[in-house]
Amino acid sequence: MPKAPPPWMRPDESDLVARLRAGEDAAFEEVVREHGPALLVVTRRFLRNEEDARDAVQDAFLSAFKAIGGFAQGARLSTWLHRIAVNAALMKLRAKRSRPEELLDDLLPRFQADGHFAEAVAAWQETTDADLQREETRRRVRGTIDRLPETYRTVLLLRDIEELDTEESARVLGITPNAVKVRLHRAHQALRTLLDRESRKATA
Amino acid sequence: MTCRELAEFLDRYLGGELAAAEAAEFDRHLTICPDCVAYLQTYRETVRLGKAAFAAGGGPPAAIPPDLVAAILAARGKRA
Numbered sequence: 011m012p013k014a015p016p017p018w019m020r021p022d023e024s025d026l027v028a029r030l031r032a033g034e035d036a037a038f039e040e041v042v043r044e045h046g047p048a049l050l051v052v053t054r055r056f057l058r059n060e061e062d063a064r065d066a067v068q069d070a071f072l073s074a075f076k077a078i079g080g081f082a083q084g085a086r087l088s089t090w091l092h093r094i095a096v097n098a099a100l101m102k103l104r105a106k107r108s109r110p111e112e113l114l115d116d117l118l119p120r121f122q123a124d125g126h127f128a129e130a131v132a133a134w135q136e137t138t139d140a141d142l143q144r145e146e147t148r149r150r151v152r153g154t155i156d157r158l159p160e161t162y163r164t165v166l167l168l169r170d171i172e173e174l175d176t177e178e179s180a181r182v183l184g185i186t187p188n189a190v191k192v193r194l195h196r197a198h199q200a201l202r203t204l205l206d207r208e209s210r211k212a213t214a
Numbered sequence: 008m009t010c011r012e013l014a015e016f017l018d019r020y021l022g023g024e025l026a027a028a029e030a031a032e033f034d035r036h037l038t039i040c041p042d043c044v045a046y047l048q049t050y051r052e053t054v055r056l057g058k059a060a061f062a063a064g065g066g067p068p069a070a071i072p073p074d075l076v077a078a079i080l081a082a083r084g085k086r087a
């Protein structure tokens with residue numbers, strides 16, 4: 011008598027995995043249609059180009075199909091596929107890196123020789139929880155994040171959005187944990203600068 | 008302690024990674040430097056805004072384009 015799947019796994023998911031393992035064509039189509047949309051959302055975040063995002067989804071599914079034999083019983087298919095999609099997006103970014111990195115310097119704070127801020131720093135009005143939930147606010151911030159240099163944007167996405175911890179991010183990116191921390195901090199500083207410029211324009 | 012140093016290690020300060028004596032330096036500087044107080048406030052807001060920006064809005068993600076589905080299945084077929 012086969013073991014019952016964990017309660018949080020939908021009844022038909024373990025069946026779907028079994029059918030995938032068996033190489034059933036209909037199962038592959040089912041998993042692409044069901045999980046594809048969520049994977050496209052993920053790859054679009056990392057790759058700012060729709061064609062690249064779609065290519066990465068294709069790469070992700072093909073990797074997953076090859077690796078289905080190693081898919082652990084009791085794991086969640088969506089989580090597993092999500093991870094594969096993140097990796098596929100990162101590989102695509104690496105492959106595409108042809109143009110020189112945009113300069114970050116312009117986006118970092120400036121200081122005088124004595125270490126004081128070169129310009130006065132203005133506080134912002136805090137965004138209310140209600141505003142934070144509005145799609146308009148989110149879209150605006152996503153647009154600003156899109157303007158970050160890619161290296162820094164990628165770390166911000168991995169740490170803050172995908173919620174990988176420092177060690178995992180380091181492994182996935184092939185850099186040291188300290189480098190992850192520095193890049194994340196730079197990403198936050200750069201994003202702060204961009205948001206600050208926007209807020210000044212808005213109140214000008 | 009200068010503003011430059013505060014800005015450089017702000018993430019470590021906020022993450023509780025500094026030794027007590029170092030953190031105390033930060034605390035002290037923040038009592039006398041309005042620019043750094045503003046920088047800390049806006050930095051924190053930045054992190055908060057960034058994290059919220061990708062939170063799922065309502066509704067499921069849009070459907071996967073049919074030609075992409077076809078391309079994936081065709082590519083799989085080629086490996087047989």
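Line by line, the protein sequences are chains A and B.
Per this note's numbering, the very first residue in the first sequence carries number 11; after that it's consecutive.
Per this note's numbering, the very first residue in the second sequence carries number 8; after that it's consecutive.
Just so you know, even glycine gets a beta-carbon here, dropped at the ideal spot from N, CA and C.
1) Does the separation of the CB atoms of A/Leu-158 and A/Ala-98 fall below 8 Å?
2) Among A/Asp-65, A/Ala-212, A/Val-52 and A/Ala-77, which one has its Cα closest to the Cα of B/Phe-61?
3) Quick check: the Cα distance between A/Leu-57 and B/Ile-39, rounded to an integer number of angstroms?
4) Using a Cβ cut-off of 8 Å (strictly closer), state whether B/Arg-35 contacts chain A.
5) Under 7 Å, CB to CB, which of the residues in the stretch 38-64 of chain A have a partner in chain C?
6) Chain A beta carbons: is any one of them nearer than 8 Å to that of B/Ala-45?
7) Are the stretch 48-56 of chain B and the stretch 184-204 of chain A touching, with three or more C-beta to C-beta distances below 8 Å?
8) Could you give the residue range of the alpha helix (DSSP H) that holds A/Val-131?
9) If you follow the alpha helix (DSSP H) that A/Gly-153 is in, where does it begin and where does it stop?
10) Please work out which residues of its chain come closer than 6 Å, Cβ to Cβ, to B/Phe-16, disregarding the five sequence neighbours upstream and downstream, and give them in chain order.
11) Would you decide whether A/Gln-68 is buried or exposed? Buried here means 16 or more other CB atoms lie within 10 Å of its CB.
12) Quick check on the DSSP output: the alpha helix (DSSP H) that includes B/Cys-40 runs from which residue to which?
13) Nearest to A/Met-10 by CA position, among A/Ser-73, A/Gly-80, A/Asp-124 and A/Thr-154, is which residue?
14) Can you give the beta carbon distance from A/Leu-166 to A/Leu-174, rounded, assuming they're within the 8 Å contact cut?
15) For A/Leu-30, collect the residues of the same chain with a Cβ closer than 7 Å to its Cβ; drop the 5 residues on either side in sequence, then sort them by chain order.
16) Hey, out of B/Ile-71, B/Leu-75 and B/Leu-13, whose CA is closest to B/Arg-35's CA?
17) Which residues, in chain order, does the stretch 106-140 of chain A contribute to contact with chain B at a C-beta distance below 8 Å?
18) Enumerate in chain order the residues of its own chain whose CB-to-CB distance from A/Arg-210 is below 8 Å, with the five nearest sequence positions on each side excluded.
19) On the CB-based measure, 16 or more other CB atoms within 10 Å of its CB, does A/Asp-25 come out buried or exposed?
20) Nearest to B/Leu-80 by CA position, among A/Asn-188, A/Asp-124, A/Ile-185 and A/Arg-43, is which residue?
21) Quick one: does A/Lys-211 have its CB under 8 Å from some CB of chain B?
22) So, A/Ile-155 versus B/Gly-84, is the Cβ gap smaller than 8 Å?
23) Look at the Cβ atom of A/Leu-91, then the Cβ atom of A/Ala-70, and state whether they are nearer than 8 Å.
24) Judging by CA-CA distance, which residue of A/Phe-81, A/Gln-143, A/Glu-129 and A/Glu-160 is the nearest neighbour of A/Ala-28?
According to the structure data:
1) Sequence index remark: in the first sequence, residue 158 of chain A carries index 148 (1-based). Sequence index remark: in the first sequence, residue 98 of chain A carries index 88 (1-based). For A/Leu-158 and A/Ala-98, no; Cβs fall outside 8 Å.
2) Looking up residue 61 of chain B in the second sequence gives position 54. It is A/Val-52.
3) The residue given as residue 57 of chain A occupies position 47 in the first sequence. The residue given as residue 39 of chain B occupies position 32 in the second sequence. Rounded to the nearest whole angstrom, the CA to CA distance from A/Leu-57 to B/Ile-39 is 43 Å.
4) Looking up residue 35 of chain B in the second sequence gives position 28. No, its Cβ sits nowhere closer than 8 Å to a Cβ of chain A.
5) Of the protein chains in the structure, A and B, none is chain C.
6) The residue you call residue 45 of chain B lines up with position 38 of the second sequence. Yes, B/Ala-45 counts as interfacial toward chain A.
7) The stretch 48-56 of chain B and the stretch 184-204 of chain A touch, with no fewer than 3 CB-CB distances between them shorter than 8 Å.
8) Along the first sequence, one-based indexing puts residue 131 of chain A at 121. No alpha helix (DSSP H) holds A/Val-131; DSSP gives it neither H nor E.
9) Numbered from 1 along the first sequence, position 143 holds the residue referred to as residue 153 of chain A. That run of the alpha helix (DSSP H) goes 145-156.
10) Residue 16 of chain B sits at position 9 when you count from the first residue of the second sequence. Excluding sequence neighbours, B/Phe-16 sits near nothing in its chain.
11) Position 58 of the first sequence, counted from the start, is the residue given in the question as residue 68 of chain A. Label assigned to A/Gln-68: buried.
12) Here residue 40 of chain B corresponds to residue number 33 of the second sequence, with the count starting at 1. That residue, B/Cys-40, is in no alpha helix (DSSP H); it is neither H nor E in DSSP.
13) The structure shown does not extend to residue 10 of chain A, since chain A spans only 11 to 214, so no value can be given for it.
14) Here residue 166 of chain A is taken as the residue at index 156 of the first sequence, counted from 1. Here residue 174 of chain A is taken as the residue at index 164 of the first sequence, counted from 1. Rounded to whole angstroms, the Cβ separation of A/Leu-166 and A/Leu-174 is 11 Å, and the two are not in contact under 8 Å.
15) Stepping through the first sequence from its first residue, residue 30 of chain A is reached at position 20. Hits under 7 Å: Ala-37, Phe-38, Val-41 and Ile-78.
16) As a first step, residue 35 of chain B must be located in the second sequence, where it is residue number 28. With distances taken between Cα atoms, B/Arg-35 lies closest to B/Leu-13.
17) Here the close residues are Pro-119, Phe-121, Asp-124, Gly-125, His-126, Phe-127, Ala-130, Val-131, Ala-132, Ala-133, Trp-134, Glu-136 and Thr-137.
18) Reading the first sequence from its first residue, position 200 is the one you call residue 210 of chain A. Once the five neighbours on either side are set aside, the close Cβ partners of A/Arg-210 are Ala-132.
19) Position 15 of the first sequence, counting from 1, holds the residue named residue 25 of chain A. With fewer than 16 other Cβ atoms from the protein chains shown falling within 10 Å of its own Cβ, A/Asp-25 counts as exposed.
20) Numbered from its first residue, the second sequence carries residue 80 of chain B at position 73. Ranking the options by Cα distance to B/Leu-80, first place goes to A/Arg-43.
21) For the purposes of this step, residue 211 of chain A is identified with residue 201 of the first sequence, where counting begins at 1. Not closer than 8 Å to any Cβ of chain B, the Cβ of A/Lys-211 fails to qualify, so no.
22) Here residue 155 of chain A is taken as the residue at index 145 of the first sequence, counted from 1. Here residue 84 of chain B is taken as the residue at index 77 of the second sequence, counted from 1. The answer is no: Cβ separation not under 8 Å.
23) Residue 91 of chain A sits at position 81 when you count from the first residue of the first sequence. Residue 70 of chain A sits at position 60 when you count from the first residue of the first sequence. Taking 8 Å as the Cβ cut-off, A/Leu-91 and A/Ala-70 qualify as a contacting pair.
24) Residue 28 of chain A sits at position 18 when you count from the first residue of the first sequence. When only C-alpha atoms are compared, the closest one is A/Phe-81.
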